[in-house]
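Chemist: Okay, so the sequence shown: first residue is 1 according to UniProt numbering, each after it adds one. Quick reminder that beta carbons are idealized off the backbone N, C-alpha and C, glycines included. Encoded as C-alpha cells, here's the structure I'll be asking about.
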Amino acid sequence: MTSQKIPLDFIKSMLTANGFEEMSDEMINLISEEAENSISELFNEATKFMRHSKRKMLTIQDINSALKLKKLEPYYGYNSSIPLYYQRLPSNHEMFVRQEQSIGLNEIIHCQFFPDIPRDINVGCHWLTVEGVQPLIPQNPSVVVQEKQKQEETIETKPIIQHSLSKELQMYYDMVVEILNTNNKEKIDECLDSVRTDSGLQQLTPYFIRYISNHTLANLGSLEILANMLSLVNAMRENQNINLEPYLHQLFPIILTLVVTKQIGTNSYDNHWNIRVQAAAIVKKLRDRYSEKYGRLHARLLQTYLQAITDATKPLTTQYGGIVGITAMGPRAVYHLLVPAMKSLKERYLGSSNECKMCLQALFDAAFMLAEKMKEMMMDSKQNVCDELRDKKKELVADEFNIDETFKTLHEIFGDVIVPTSLVDPTIKNITL
Numbered sequence: 001m002t003s004q005k006i007p008l009d010f011i012k013s014m015l016t017a018n019g020f021e022e023m024s025d026e027m028i029n030l031i032s033e034e035a036e037n038s039i040s041e042l043f044n045e046a047t048k049f050m051r052h053s054k055r056k057m058l059t060i061q062d063i064n065s066a067l068k069l070k071k072l073e074p075y076y077g078y079n080s081s082i083p084l085y086y087q088r089l090p091s092n093h094e095m096f097v098r099q100e101q102s103i104g105l106n107e108i109i110h111c112q113f114f115p116d117i118p119r120d121i122n123v124g125c126h127w128l129t130v131e132g133v134q135p136l137i138p139q140n141p142s143v144v145v146q147e148k149q150k151q152e153e154t155i156e157t158k159p160i161i162q163h164s165l166s167k168e169l170q171m172y173y174d175m176v177v178e179i180l181n182t183n184n185k186e187k188i189d190e191c192l193d194s195v196r197t198d199s200g201l202q203q204l205t206p207y208f209i210r211y212i213s214n215h216t217l218a219n220l221g222s223l224e225i226l227a228n229m230l231s232l233v234n235a236m237r238e239n240q241n242i243n244l245e246p247y248l249h250q251l252f253p254i255i256l257t258l259v260v261t262k263q264i265g266t267n268s269y270d271n272h273w274n275i276r277v278q279a280a281a282i283v284k285k286l287r288d289r290y291s292e293k294y295g296r297l298h299a300r301l302l303q304t305y306l307q308a309i310t311d312a313t314k315p316l317t318t319q320y321g322g323i324v325g326i327t328a329m330g331p332r333a334v335y336h337l338l339v340p341a342m343k344s345l346k347e348r349y350l351g352s353s354n355e356c357k358m359c360l361q362a363l364f365d366a367a368f369m370l371a372e373k374m375k376e377m378m379m380d381s382k383q384n385v386c387d388e389l390r391d392k393k394k395e396l397v398a399d400e401f402n403i404d405e406t407f408k409t410l411h412e413i414f415g416d417v418i419v420p421t422s423l424v425d426p427t428i429k430n431i432t433l
C-alpha cells in the first residue's frame with residue numbers, strides 16, 4: 001500500500017449513492033482516513049494468509065479470510081481462479097465496475113452441452129415394486145447404482161475393548177477353576193466361601209459367567225460338576241459386592257436348562273433330581289432380587305415351567321422340573337398353575353416307573369406346601385384381635401386363595417394326608433390346624 005489517500009471524489013460518489021448527499025468536507029476527510037486505515041489493515045491480514053499459503057499472488061480467498069478474521073461478511077460470487085478486470089463508468093469516472101465478458105447468442109444456441117429444458121412441476125405416481133420386484137423405470141434408481149452404493153457403503157465398527165486383568169485376579173480365577181474341577185469337598189467349600197465374601201471380584205464376573213456357561217453345557221453328564229457350578233452361581237449371588245444384573249440373560253438359560261432339560265447324568269438312575277431342585281431354588285432367589293426392575297421376569301419364568309408340564313408328550317424328567325420350578329416360585333404360583341391341573345397330573349403319574357413316582361412326589365410336595373401356607377394364613381386370621389380386623393383378615397385370606405374350595409380339591413386328590421377331613425367338613429368341630 002502507498003501513502004496516497006483515497007480520492008475524495010470517490011468518497012463523495014459513494015456517499016451520494018448511499019443517500020448521504022449533504023456532507024461537509026471535514027466529515028468526508030475523516031471518512032476517507034477511516035476507510036484507508038480499514039483497507040490497509042485488511043490487506044495486511046490478507047497478505048499474512050498469502051504468505052502462510054506460500055504464494056506470491058494475493059487472491060480473493062485471502063481477502064475473504066481476512067474479512068472472516070475481522071468478523072465481517074466475505075464477498076460472494078468471485079472466484080479466485082478467474083482474473084478480474086474493472087473499468088470506469090462513462091457517466092462517472094470516479095466509479096469502477098467489474099468488466100463482464102460478452103457472450104454471443106450464436107455461441108449459446110450451438111453449444112453442444114446445452115442443458116435440458118427443466119420440466120414443469122407436477123405430481124405423478126409410479127410403481128416402486130411389483131410383487132417384490134422393482135420395475136426398471138426412470139423414476140426408480142437403477143440396479144447398477146444400488147449395487148454400487150452397497151459396495152461403497154462401509155460399516156463403522158468400534159474396536160474391541162480388551163479388558164486386562166491384574167496378575168492377582170488371573171491367579172485367583174485359575175485357582176477357583178482348578179479347585180472346582182476336583183473332588184476335594186473341603187477345598188471347594190473354602191473356595192466358595194472366598195467367592196461369597198471377597199469384595200473385589202466384580203471384574204472377574206464375566207469370566208466366571210462364561211466359565212459356568214461353557215462348563216455346564218459340556219458336562220451335563222457329570223452331577224458333581226453341575227453341583228459345583230450351581231454352588232458357584234449361588235456364592236456369586238450371595239456376594240453383595242457382585243452385580244449379576246448385566247449377565248442375567250446368560251445365567252437364566254443355563255440354570256433353567258438344569259431344571260427342565262431331558263437328561264442330566266449318564267443314566268436315569270443317577271440322583272439328578274436334587275440338581276433340578278437346587279437349580280429351581282437359585283432361579284427363585286435371582287427372581288426375588290431382580291424382579292422389581294424387570295417386571296416381566298416372573299411371568300416369563302412361570303411360562304417356561306408351565307410349558308414343561310402342559311405337554312404330556314414331554315419327558316417325565318422335564319415335567320418334574322416344571323413342577324419343582326413352580327413350587328419354588330411360591331404358593332401363589334402353585335395355586336394358580338398347579339391346582340387347576342393337579343387331578344389330571346396325578347392321573348398322568350400313576351405309572352410304576354421311577355420317573356412317575358418322582359413326579360407324583362413333586363406334585364405331593366407342592367400340594368403340601370400350599371396347604372401348610374393356607375393353614376398358616378387361617379391361624380393368623382384367628383389371632384386375638386378385634387372382630388373387625390379378624391373379619392378383614394378372613395376376607396383377605398379367602399380372596400387370595402379361595403381356601404375352602406382349594407382344601408376340598410386337595411382333600412379329594414390326596415385325602416387326609418394333606419388336608420384333614422375336619423377342614424373340609426363343616427359339621428366337624430374342634431378343628432386342629
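Does L136 pass the burial test, meaning 16 or more other C-beta atoms within 10 Å, or should it be called exposed?
Modeler: Within the sequence shown, residue 136 is the residue found at index 136, counting from 1. Exposed.
Chemist: Smallest Cα separation from G200: which of K187, R296, E168, L230?
Modeler: The residue you call residue 200 lines up with position 200 of the sequence shown. The shortest Cα separation from G200 among K187, R296, E168, L230 belongs to E168.
Chemist: Identify, in the order they occur along the chain, each residue of the same chain with its Cβ nearer than 6 Å to the Cβ of L410, setting aside the five sequence neighbours on each side.
Modeler: Counting from 1 along the sequence shown, the entry for residue 410 is found at position 410. The residues are A367, A371, I418, V419.
Chemist: With H, G and I counted as helix, E and B as strand and the rest as coil, what does DSSP make of R296?
Modeler: For this step, residue 296 is matched to residue 296 along the sequence shown. R296: coil per DSSP, three-state reduction.
Chemist: What residue from L337, K285, V259 has the CA that sits closest to T318's CA?
Modeler: By one-based count along the sequence shown, residue 318 stands at place 318. The option with the nearest alpha carbon to T318 is V259.
Chemist: Over the uninterrupted alpha helix (DSSP H) stretch that includes Q61, give me the two end residues.
Modeler: Taking the first residue of the sequence shown as 1, we reach residue 61 at position 61. Q61 -> alpha helix (DSSP H) spans 60-69.
Chemist: Check each candidate in D311, D365, L67 and name the one with the smallest Cα separation from F43.
Modeler: Position 43 of the sequence shown holds residue 43. Closest by alpha carbon: L67.
Chemist: Grab me the residues of Y207's own chain with a C-beta within less than 7 Å of its C-beta, minus the 5 sequence neighbours each way, in chain order.
Modeler: Start at 1 with the first residue of the sequence shown, and residue 207 comes out as number 207. Only Y173 meet the Cβ criterion.
Chemist: What does the alpha-carbon distance come out to for the pair Q134 and W127?
Modeler: By 1-based counting over the sequence shown, the position of residue 134 is 134. By 1-based counting over the sequence shown, the position of residue 127 is 127. Rounded to the nearest angstrom, the two C-alpha atoms are 8 Å apart.
Chemist: Note down the Cα distance separating I11 from N106, rounded to an integer number of angstroms.
Modeler: As a first step, residue 11 must be located in the sequence shown, where it is residue number 11. As a first step, residue 106 must be located in the sequence shown, where it is residue number 106. Cα to Cα, I11 sits roughly 42 Å from N106.
Chemist: Under three-state DSSP, which class holds R88?
Modeler: If you number the sequence shown from 1, residue 88 lands on position 88. DSSP places R88 in strand when its eight states are reduced to three.
Chemist: Can you list the alpha helix (DSSP H) stretches of 4 or more residues lying completely in the segment 9-62, in chain order?
Modeler: Whole alpha helix (DSSP H) segments, 4+ residues: 25-52.
Chemist: Over what stretch of residues does the alpha helix (DSSP H) that includes V176 continue unbroken?
Modeler: Stepping through the sequence shown from its first residue, residue 176 is reached at position 176. 167-180 is the span of the alpha helix (DSSP H), which, as asked, contains V176.
Chemist: Between the alpha carbons of T327 and D198, how many angstroms are there, rounded?
Modeler: Residue mapping note: residue 327 aligns to position 327 of the sequence shown, counting from 1. Residue mapping note: residue 198 aligns to position 198 of the sequence shown, counting from 1. So the alpha carbons of these two residues sit roughly 32 Å apart.
Chemist: Going by the beta-carbon positions, is the gap between S213 and Q250 smaller than 7 Å?
Modeler: The residue you call residue 213 lines up with position 213 of the sequence shown. The residue you call residue 250 lines up with position 250 of the sequence shown. Yes, these two residues count as a Cβ contact at 7 Å.
Chemist: Mapping the DSSP letters down to three states, classify V419 as helix, strand or coil.
Modeler: Within the sequence shown, the letter at position 419 stands for residue 419. Here V419 sits in coil by DSSP.
Chemist: Straight-line CA distance for P331 to S194?
Modeler: Here residue 331 refers to the residue found at position 331 of the sequence shown. Here residue 194 refers to the residue found at position 194 of the sequence shown. Each residue's Cα considered, the two are about 34 Å apart.
Chemist: Sorted by chain position, which residues of the same chain lie with C-beta nearer than 7 Å to L256's C-beta, five sequence neighbours on each side aside?
Modeler: Counting from 1 along the sequence shown, the entry for residue 256 is found at position 256. Cβ neighbours of L256 beyond the five flanking positions: V283, T304.
Chemist: Kindly indicate which three-state DSSP category V195 falls into: helix, strand or coil?
Modeler: As a working mapping, residue 195 is identified with position 195 in the sequence shown. Helix.
Chemist: If you run the structure through DSSP and keep just helix, strand and coil, what is V123?
Modeler: As a first step, residue 123 is located in the sequence shown; it is residue number 123 there, counting from the start. If DSSP states are grouped into helix, strand and coil, V123 belongs with coil.
Chemist: Locate the alpha helix (DSSP H) running through L286, then write down its first and last residues.
Modeler: Here residue 286 refers to the residue found at position 286 of the sequence shown. L286: member of the alpha helix (DSSP H) spanning 273-290, first to last residue.
Chemist: Would the beta-carbon of L180 fall within 7 Å of that of N228?
Modeler: The residue given as residue 180 occupies position 180 in the sequence shown. The residue given as residue 228 occupies position 228 in the sequence shown. Going by C-beta atoms, L180 is nearer than 7 Å to N228.
Chemist: Does the Cβ-Cβ distance between R210 and N239 come in under 7 Å?
Modeler: What you label residue 210 is simply residue 210 of the sequence shown in a count that begins at 1. What you label residue 239 is simply residue 239 of the sequence shown in a count that begins at 1. No.
Chemist: Within the continuous alpha helix (DSSP H) that includes V260, where are the two ends?
Modeler: Here the question's residue 260 lines up with position 260 in the sequence shown. It spans 248-260 - the alpha helix (DSSP H) in which V260 sits, taken as one unbroken run.
Chemist: Mind checking L165: buried by the 16 CB within 10 Å criterion, or exposed?
Modeler: Residue numbering aside, residue 165 sits at position 165 when the sequence shown is read from its first letter. Flag for L165 reads exposed.
Chemist: Using only CA atoms, which one of K285, L338, G295 lies nearest to A308?
Modeler: As a working note, residue 308 is residue 308 in the sequence shown. Of the candidates K285, L338, G295, the one whose C-alpha sits nearest the C-alpha of A308 is L338.
Chemist: Cutting at 8 Å between CB atoms, please list the residues of its own chain near L204, excluding the five before and the five after it.
Modeler: Here residue 204 refers to the residue found at position 204 when the sequence shown is read from its first residue. Counting only Cβ-Cβ distances below 8 Å, and skipping sequence neighbours, we find L165, L169, Y172, Y173.
Chemist: On a Cα-Cα basis, can you pick out the residue from Q202, N184, N18, I275 that is closest to G221?
Modeler: Reading the sequence shown from its first residue, position 221 is the one you call residue 221. Out of Q202, N184, N18, I275, I275 has the C-alpha closest to the C-alpha of G221.
Chemist: Return yes when the Cβ of V334 is within less than 7 Å of the Cβ of A362, no when it is not.
Modeler: By one-based count along the sequence shown, residue 362 stands at place 362. By one-based count along the sequence shown, residue 334 stands at place 334. Going by C-beta atoms, A362 is not nearer than 7 Å to V334.
Chemist: Where I403 and S344 are concerned, what is the direct C-alpha to C-alpha distance, given to the nearest angstrom?
Modeler: Locating residue 403 in the sequence shown gives position 403, counting from the first residue. Locating residue 344 in the sequence shown gives position 344, counting from the first residue. Using only the alpha carbons, I get a separation of about 20 Å.
Chemist: CA-CA distance, D416 and D189?
Modeler: In the sequence shown, residue 416 corresponds to position 416, counting from 1. In the sequence shown, residue 189 corresponds to position 189, counting from 1. Their backbone Cα atoms lie some 42 Å apart in a straight line.
Chemist: In the DSSP output, what is V130 paired with across the bridge?
Modeler: Locating residue 130 in the sequence shown gives position 130, counting from the first residue. Per DSSP, V133.
Chemist: Can the beta-carbon of L316 be found closer than 7 Å to that of E347?
Modeler: The count along the sequence shown starts at 1 and reaches residue 316 at position 316. The count along the sequence shown starts at 1 and reaches residue 347 at position 347. Not a contact, by the Cβ cut-off of 7 Å.
Chemist: With burial defined as no fewer than 16 other Cβ atoms inside 10 Å of the residue's Cβ, what is the status of C191: buried or exposed?
Modeler: As a first step, residue 191 must be located in the sequence shown, where it is residue number 191. By the 10 Å Cβ count, C191 comes out buried.
Chemist: Rank L15, H298, R296, Y349 by C-alpha distance to the C-alpha of K314 and give the top, closest one.
Modeler: The count along the sequence shown starts at 1 and reaches residue 314 at position 314. Nearest of L15, H298, R296, Y349 to K314, Cα basis: Y349.
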